[in-house]
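Input: a single structure, listed below in structure tokens.
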Amino acid sequence: ISSNLYLFMRPLLLFLTFNYSYSFKFLVYSPQFAESHVNYLGKLADSLIDAGHEVVILSPVLHEINVGAGSKRARVIEVPQSEKKGYQSEVDVDMIDDLWSVTSWWEMQLRWERHHVELVVQCEATIHHPGLIEQMKTEQFDVAFAESIDWCFAGIIHLVGIENFAFAESIGIKDGLFPITQIPSFPSYVPTITGGRYGDDMTFLQRAFNFFNLFAFQDFNFKAVPLYQELFDRDFPGFPPVVELLSQSSLHFINSDPLIDFPHLSAARIVDVGGIAVSNGYTTLNKTWSTLLDLRPRNVLISFGTFAQAHGMPPAYKKTLLDTIKAFPDVTFMMKYEKPEHNFSGCCDNLIEGLWLPQNDLLRDPRLSAFLTHGGQGSVTEASYAGVPMVVVPVIYDQAHNAFEVKRNGLGIVVDKTELAERGPLETALRKVLDDPKYKIQARKISAMLSDKPFSAREIFVRNMEFLASHGPLRQLDHYGRHLNFIQYYSIDVISAAFSLFSLVGWLIFLVVRFAFVLLNTGFTSKQKQI
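Numbering of the sequence shown is given in the working numbering, commencing with residue 2 and proceeding in unit increments.
Take a look at the structure:
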């Protein structure tokens, strides 16, 4: 090799060696639970790939309608659906109708507990899939991460022998997961992630409901743990307690931004990466969509997400939505609707429906006037970054919490889904958002703040994951508070002891004073008798 060629190649070889030395291998456990959740984890995987790392997605199939793994760039290991197809049968039974008809989290929790049970069935099929665990061991992963939905993740990391692991939520902080997140909850001023149909300034009854909902949500999250434990203990004797194992996670990423979310307590292991799925993730609209936006002076996007689909609305709700659209002839409405055979848009000249819409691209177009949304975490974040005011109709789970984040920040108006039974509330809310400039002004202000943050969510996520891969597990971030019971954690025993001591001292002082008063009174009476 010539000296000139060597001099030319040397920097390149050094760069490649440096790049290889600092390249890690990550495992993402991402069961095909729901498209939005899968896509979010896929975006996280792509962020790591962009940074030069290798990512493998373990993707158990839960339904014959395959939603994919959320990433086209990561290597995917797909585990076939369990022969029992328990999860699919539970999801298919009037589930979409349930989402729109159920009005309380308590009722929804009772109906959804069956789904957690069926996740255990799929877990058994996954961990016993021929050759899977052995293959995972040979991969030699540096870090694994998953969303806290399927506790089968505990079995995967333990059987494969992965000590460095993290959680990555597609929503905000789950306040019912203290044993894992180690974040105390204060329902007196922070609406719970699932039950809060109000803001942070609550009445007594709202605080009471918020308080009890916190414990109901914790029960809901850990309801299936004994079933997972039974499975692991039966097939792998000596398996550690599931909750104790998962509580050893080093980091917990949440899809939340402090500039939007309700202020709450946090911990060193909690990392906010809200906006990571939308940062720079949009393109200019093509000619077809651009032409549609030019049809009328104002445009409104309507989408209720991938889980609570629009076609499952009760007929009365659909009628209200169509009547509201007709009330704005100068507005073009673009709506995601999943059943084209319904011809939902047939009665409205200003309504355009589609199985899929380029949501983030539409939100980024300055011609879009407002967004009618279900309040999913992804949708609220995208609209906030784009500076688009919202009308939020929360349907399930964390959406009410997100909706009141929107209201608290002046980004839009909340309409309860039960109010869709009549036309007035939705039309009034939409008219206010379209006609009152304060919503657009505030939306642009929040958008500018989010865009000017000193560190991007993607950078924060990647750097933290690289740090975990290099130095984990991060036991230094584990605080002892998770080992304390409720009374010890909130020092109720100390407060009670102090109160008892002060009460005792006060009672003794009272007795001494009373005794002294009696003595003085007795002496005074005796002197009077002598006189």
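Quick reminder that beta carbons are idealized off the backbone N, C-alpha and C, glycines included.
| Query | Result |
| --- | --- |
| Distance, Cα to Cα, Ile163 vs Ala145? | 7 Å |
| Would Gln230 and Gly177 be called neighbours here (beta carbons separated by less than 7 Å)? | no |
| The beta strand (DSSP E) spanning Pro61 covers which residue range? | Glu55 to Pro61 |
| Find out if the Cβ-Cβ distance for the pair Thr307, Ser83 is shorter than 7 Å. | no |
| If you draw a straight line from the alpha carbon of Ile303 to that of Met336, how long is it in whole angstroms? | 4 Å |
| Sort Thr523, Leu206, Phe334 and Ser250 by Cα distance to Arg483 and report the nearest one. | Ser250 |
| Nearest to Glu135 by alpha carbon, out of Ala269, Ser149, Ile157 and Glu148? | Ile157 |
| Flag this pair as yes or no: are the beta carbons of Glu140 and Glu170 separated by less than 7 Å? | no |
| What first and last residue would you give for the beta strand (DSSP E) that runs through Met314? | Per DSSP, Met314 belongs to no beta strand (DSSP E) and is neither H nor E. |
| Rounding to the nearest angstrom, what Cα-Cα distance links Pro390 and Lys441 in this structure? | 6 Å |
| Taking Tyr491 as the reference, which of Ser72, Lys73 and Phe187 has the closest Cα? | Phe187 |
| Would you list the residues sitting across from Lys26 in a DSSP beta bridge? | Glu55 |
| Taking buried to mean at least 16 other C-beta atoms within 10 Å of its own C-beta, is Gln183 buried or exposed? | buried |
| Report the option in Ala35, Leu451 and Val77 whose CA atom is closest to the CA atom of Asp273. | Leu451 |
| Please give me, in chain order, every unbroken run of the alpha helix (DSSP H) with length at least 4 that falls completely inside the segment 174-253. | 179-182, 205-223, 226-236 and 243-247 |
| What are the boundary residues of the beta strand (DSSP E) that includes Asp273? | Ile271 to Asp273 |
| Can you list, in chain order, the stretches of the alpha helix (DSSP H) that have 4 or more residues and sit fully within the segment 305-381? | 316-327 and 360-364 |
| Using CA coordinates, which residue listed in Leu363, Asp258, Asp331 and Phe221 is at the minimum distance from Thr289? | Leu363 |
| Note down, one range per segment and in chain order, each alpha helix (DSSP H) of at least 4 residues found wholly within the segment 399-445. | 400-409 and 425-436 |
| Helix, strand or coil for Ile496 per DSSP? | helix |
| Is the beta carbon of Asn403 sitting closer than 7 Å to the one on Glu383? | no |
| My assumption, with CB atoms under 8 Å, is that Leu469 sits in contact with Leu478. Please give the rounded CB distance. | That pair is no contact at about 10 Å. |
| Under the three-state reduction of DSSP, which class applies to Ala458: helix, strand or coil? | helix |
| Please classify Gly313 as buried or exposed, where buried requires at least 16 other C-beta atoms within 10 Å of its C-beta. | buried |
| Just mark His265 as buried or exposed, buried being the case when its beta carbon has 16 or more other beta carbons within 10 Å. | buried |
| What separation, rounded to the nearest whole angstrom, lies between the Cα atoms of Glu342 and Ser248? | 48 Å |
| Drop a sphere of 10 angstroms on the beta-carbon of Phe500, count the other beta-carbons inside from all chains shown, and report buried for 16 or more, exposed for fewer. | exposed |
| Please name the residue, chosen from Cys124, Leu59, Val301 and His375, that lies closest to Phe142 on a Cα-to-Cα basis. | Leu59 |
| Give the straight-line distance between the Cα atoms of Asp201 and Gln207, rounded to the nearest whole angstrom. | 10 Å |
| Considering only C-alpha positions, which residue in the set Phe240, Ala311, Arg365 and Val103 is nearest to Val161? | Phe240 |
| For Thr204, count neighbouring C-beta atoms within 10 Å of its own C-beta (all shown protein chains included) and say buried if the count is 16 or more, exposed if not. | exposed |
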